[in-house]
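Novice:
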Amino acid sequence: MLGNDFKYENNLFYKIDKRTKKWNCCNYLTPKDNGYISVWVNDRKFYLNRLVYFFHNPKWNIYDVSSENQIDHENENKLDNSIKNLRITNSSQNGQNKTHIKGRLIKGVCFHNDGRKKPWMARWCENKKQKSKTFKTEIEAIECRKEMVEIHHSHHPSKRNKLHNNIENLRITNRSENCQNKTNYGGKQIKGVYFNNDGRKKPWVAGWHVDKKQKTKYFKTEEEAIECRAKMVELHYTHHPSKRERKE
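Structure (structure tokens):
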């Protein structure tokens, strides 16, 4: 099934781009909402962990998705798809490989029962890369996990706009108008301005449309990006009076 289109090197799984003839690493693809990475093979999607296991065990039935033929991650990290981290399990065994506290599932915290000094691990994503840290106690791991999620997810400007779904914040619009409306920050709506948390010198980005084409410019401060955005929308926004005069 996989043929020569896939290869496994240094714990990473690659798929060849038939157009460019270059190898693309599947491990760096964006995971789905359930945390698993999926890959297209012959017009069908498969989870990456199942593909890696099948690559090393070609006699295993990858098409059998029953509860008795699941592939589990031993360290509970769904982004760690190295063959040494994968094993066949059933749904009952797979359900044991989770961390609960007071009956509630704690995401991103797991326990390693291998005798290490710091068995508790906290995991989070930072700039689409998996990060982890080990601790002696479960409480320390949970606190670290919460702190990292707070820093890299919930407080990031680009995340907040998805939380404002109250009826007062919603309106009917068209695609052009909707593209102008990108970021809510500090309780105030800032259109087309967002922050890149990747260490670049100019992290603030102003975005706008000119003749249905996306334009962007980078700035060191939020104020500069907002000011640029306002000027560009004033010049190019489709509902501006100068635009209507041209049409008339």
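In the working numbering, the protein residues as written are 32 to 279.
Note that the Cβ used here is the ideal one computed from N, Cα and C, for glycine as well.
In this text, all values refer to a predicted model and were calculated from it rather than measured experimentally.
Whole angstroms are fine: how far does the CA of His104 sit from the CA of Ala172?
Specialist: C-alpha separation (whole angstroms): 19 angstroms.
Novice: Identify the residues that DSSP records as bridge partners of Ala237: which are they?
Specialist: Answer is Val224 and Lys248.
Novice: Within 10 angstroms of its Cβ, does Thr120 collect 16 or more other Cβ (buried), or is it exposed?
Specialist: Burial call: buried.
Novice: Would Lys46 and Asn55 qualify as a contact pair, given that the criterion is a beta-carbon distance under 8 angstroms?
Specialist: Cβ atoms of Lys46 and Asn55: closer than 8 angstroms.
Novice: Please return the same chain residues whose Cβ sits closer than 8 angstroms to the Cβ of Leu117, not counting the five positions on each side in sequence.
Specialist: Within the same chain, Leu117 has close Cβ partners Asn80, Val83, Tyr84, Ile102, Asp103, His104 and Glu105.
Novice: Within the same chain, show all residues whose beta-carbon is closer than 6 angstroms to that of Phe166, passing over the 5 residues directly before and after it, in chain order.
Specialist: Excluding positions up to five away in sequence, the list reads Lys149, Trp151 and Ala172.
Novice: Quickly, what does DSSP pair Tyr78 with across the bridge? List them, please.
Specialist: According to DSSP, which records beta bridges pairwise, Tyr78 is partnered with Ser69.
Novice: Assess contact between the stretch 228-243 and the stretch 253-268, defined as three or more Cβ pairs (one per stretch) separated by less than 8 angstroms. Is contact present?
Specialist: They touch, by the three-pair rule.
Novice: Have a look at Leu110, Asn42, Asn92 and Lys115 and flag the residue whose alpha-carbon is nearest the alpha-carbon of Ser69.
Specialist: Per the Cα distances, Leu110.
Novice: Tell me where the beta strand (DSSP E) around Ile102 begins and ends.
Specialist: Segment Gln101 to His104, the beta strand (DSSP E) holding Ile102.
Novice: Are the CB atoms of Lys233 and Tyr249 nearer to each other than 8 angstroms?
Specialist: For Lys233 and Tyr249, yes; Cβs fall inside 8 angstroms.
Novice: Would a C-beta distance cut-off of 8 angstroms place Tyr78 and Tyr67 closer than the cut-off?
Specialist: In this structure, Tyr67 lies closer than 8 angstroms to Tyr78 by Cβ.
Novice: Spatial neighbours of Glu253 within its chain, please: C-beta separation below 6 angstroms, excluding the five flanking residues on both sides.
Specialist: For Glu253, where only same-chain residues beyond five positions count, the Cβ hits under 6 angstroms are Trp235.
Novice: Using the Cα positions of Lys63 and Asn112, report the straight-line distance between them to the nearest angstrom.
Specialist: Cα-Cα distance, rounded: 15 angstroms.
Novice: Looking at C-alpha atoms only, which residue of Asn228, Leu43 and Glu178 is the closest neighbour of Gln115?
Specialist: The sequence given here has Lys at residue 115, not Gln. Ranking Asn228, Leu43 and Glu178 by Cα distance to Lys115 puts Leu43 first.
Novice: Hey, out of Lys243, Ala256 and Lys162, whose CA is closest to Phe226's CA?
Specialist: For Phe226, the nearest C-alpha among the options comes from Ala256.
Novice: Does the Cβ-Cβ distance between Phe142 and Phe86 come in under 8 angstroms?
Specialist: No, they are not a contact pair.
Novice: Span of the alpha helix (DSSP H) holding His264?
Specialist: Looking at the sequence provided, one finds Val at residue 264 rather than His. Here the alpha helix (DSSP H) through Val264 covers Glu253 to His267.
Novice: Sorted by chain position, which residues of the same chain lie with C-beta nearer than 6 angstroms to Glu169's C-beta, five sequence neighbours on each side aside?
Specialist: Counting only Cβ-Cβ distances below 6 angstroms, and skipping sequence neighbours, we find Trp151.
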